[in-house]
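Counting in our numbering, the sequence shown runs from -6 upward without gaps.
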Amino acid sequence: MNGYDKDWFAVDRIDDDTYIISEYRHWEETHCYLLIGKARALLIDTGLGIRNIAEVVASLTDKPVTAIATHAHWDHIGGHRYFPDFYVHESELDWINGKFPLPINVVRDMVMDRCDAPNDFDVAKYELFSGTPTKVLRGGEVIDLGGRAVEAVHTAGHSPGHMCFWERDRGYLFTGDLVYKDTLFAYYPSTDPQAYLQSLRKVSELNCKRVFPAHHTLDIQSEIILRMRDALTDLDKAGLLKHGSGTFDYGDWAIQL
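Structure representation (structure tokens):
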């Protein structure tokens, strides 16, 4: 594979036509996923945008690519500018049209936080992605890649329009920021702890065989969804599933409310 910054991107293969594209030089260790069908490909999240993820994708497939974000936070749509064909959830349309709830200087600080950035990267030129999607999603849509179908599952909580992507035939669940091993963030004003629990209940009903998170370790099993669901259920019963309750640590994961 040639033509992309191998010092910045790491590429791993899940199966013959599914790849993980990771950015390990930032503390968030962001993972994007390339799913290749017979007719076209789907790129789930586009990362930080510090380097051109389209160059990685071009080294893996020559099929037309649709970009889709689990949600419209800066570390998931940073490379969207390279993909004119992209989908977004209706609840986050405003975020990609100049109404993201954080000022650009705060976002730039987060881009550089614990980041081993390339020497030629100028964060002062970093901008939040904005654009017009080719399709607006509401959840429940099935994306046909040609012999390969992926369902968009609306899983609000971490953000209003957060989506997981469910590939029923392979048992793959791409969970974005809903499920990963580390501290889950549900304390921002734009988060909703009660919706987070409902989304965990929703995905816990799927018969997923493998979980692919957007951050940190890839050594994660589907049973963690049930543990997260049950832990948040207990917090809810105790009246603690709300903003300001603090951080609750469960060993291999935690949640900040």
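We treat Cβ as the ideally placed atom computed from N, Cα and C, and that holds for glycine.
Distances from the CA of Ser52 to each of Gln191, Ser152 and Ala34 were compared; the closest alpha carbon is that of Ala34.
With contact defined as three or more Cβ pairs closer than 8 angstroms, the region 99 to 116 and the region 176 to 191 are not in contact. DSSP places Asp223 inside the alpha helix (DSSP H), whose first and last residues are Glu216 to Lys230. Taking each of Tyr(-3), Asn200 and Glu22 in turn and checking the Cα distance to Arg163, the smallest one comes out for Asn200. In this structure, the CA atom of Gly133 is about 32 angstroms from the CA atom of Ile43. Residue pairing from DSSP places Thr59 in a beta bridge opposite Leu35. Considering only Phe158, Val129 and Leu171, the residue with the shortest C-alpha distance to Ala149 is Leu171. Going by C-alpha positions, Asn45 is about 16 angstroms away from Asp109. If you ignore the 5 residues before and after Glu22, its C-beta comes within less than 6 angstroms of the C-beta of His208 and His209, all in its own chain and listed in chain order. For secondary structure counted as the beta strand (DSSP E) over 3 or more consecutive residues, the region 155 to 194 holds these complete runs in sequence order: 156 to 160, 165 to 169 and 176 to 178. Between Thr176 and Ala247, the beta carbon gap of about 4 angstroms places them in contact (Cβ cut-off 8 angstroms). Going by C-alpha positions, Tyr26 is about 16 angstroms away from Asp137. In this structure the region 111 to 121 lies against the region 82 to 101, because at least three pairs of beta carbons, one per stretch, are closer than 8 angstroms. Judged by DSSP secondary structure, Arg6 falls within the beta strand (DSSP E) whose first and last residues are Ala3 to Asp8. In the structure shown, Lys128 falls within a strand segment according to DSSP collapsed to helix, strand and coil. Taking C-beta separations shorter than 7 angstroms and ignoring five residues to either side along the sequence, the partners of Arg18 in its chain run Trp1, Cys108 and Asp109, following chain order. In this structure the region 145 to 159 touches the region 73 to 87; the number of beta carbon pairs closer than 8 angstroms is three or more. Looking at the DSSP output, Pro94 shares a beta bridge with no other residue. Judged by their CB atoms, Gly40 and Gly71 are nearer to each other than the 7 angstroms cut-off. Separation of Tyr75 and Leu219 (C-alpha to C-alpha, rounded to the nearest whole angstrom) is 36 angstroms. The secondary-structure analysis by DSSP pairs Asp137 across a beta bridge with Ala142.
Across the set Pro94, Val129, Pro77 and Thr54, the C-alpha of Val129 shows the shortest separation from the C-alpha of Met156.
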